[in-house]
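In my numbering, the protein residues as written are 2 to 114.
Note that the Cβ used here is the ideal one computed from N, Cα and C, for glycine as well.
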Ligand SMILES: [Zn+2]
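Here it is as structure tokens:
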């Protein structure tokens, strides 16, 4: 699912899929971090963890399909996603980079060499 999909435009099936995925992933991470912390207070609190599928993994291979993880930078925020798995191969415009590259900006994951 695209990281910039508008929730009000999702179909009921997509809402269901998103709900199940969010519930499963949060449950999985709650369990993982509980085990890691044990009886102690959690240390090294970070939103960037190597086991995450795409978050903080710009340029690294997607764990599902192997395509390089893409990134959108907006102000101080960063959104990482897999173009092949999440946006049907479409590269979402990164404002800073696409301005710099103009016409040579790839439109799809298959145009990346
Ligand atoms: Zn992928």
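Between the CA atoms of residue j and residue i - distance to the nearest angstrom
i, j, result
"residue 30", "residue 52", "10 Å"
"residue 63", "residue 90", "13 Å"
"residue 113", "residue 42", "44 Å"
"residue 58", "residue 47", "14 Å"
"residue 33", "residue 13", "30 Å"
"residue 44", "residue 37", "9 Å"
"residue 39", "residue 83", "33 Å"
"residue 9", "residue 19", "13 Å"
Delimiting residues of the beta strand (DSSP E) encompassing residue i
i, result
"residue 47", "That residue, residue 47, is in no beta strand (DSSP E); it is neither H nor E in DSSP."
"residue 71", "71-75"
First through last residue of the alpha helix (DSSP H) which encompasses residue i
i, result
"residue 24", "13-38"
"residue 87", "84-87"
Option nearest residue i by Cα separation, candidates the options
i, options, result
"residue 65", "75, 72, 54 and 71", "54"
"residue 5", "110, 93 and 16", "93"
"residue 76", "70, 95, 68 and 69", "95"
"residue 21", "61, 2 and 110", "2"
"residue 87", "110, 74, 38 and 17", "110"
"residue 80", "60, 56, 67 and 61", "56"
"residue 67", "85, 15 and 73", "85"
Quick check on the contact list: which residues have their beta carbon closer than 6 Å to a heavy atom of ligand 1?
63, 65, 66, 68, 83, 85 and 86
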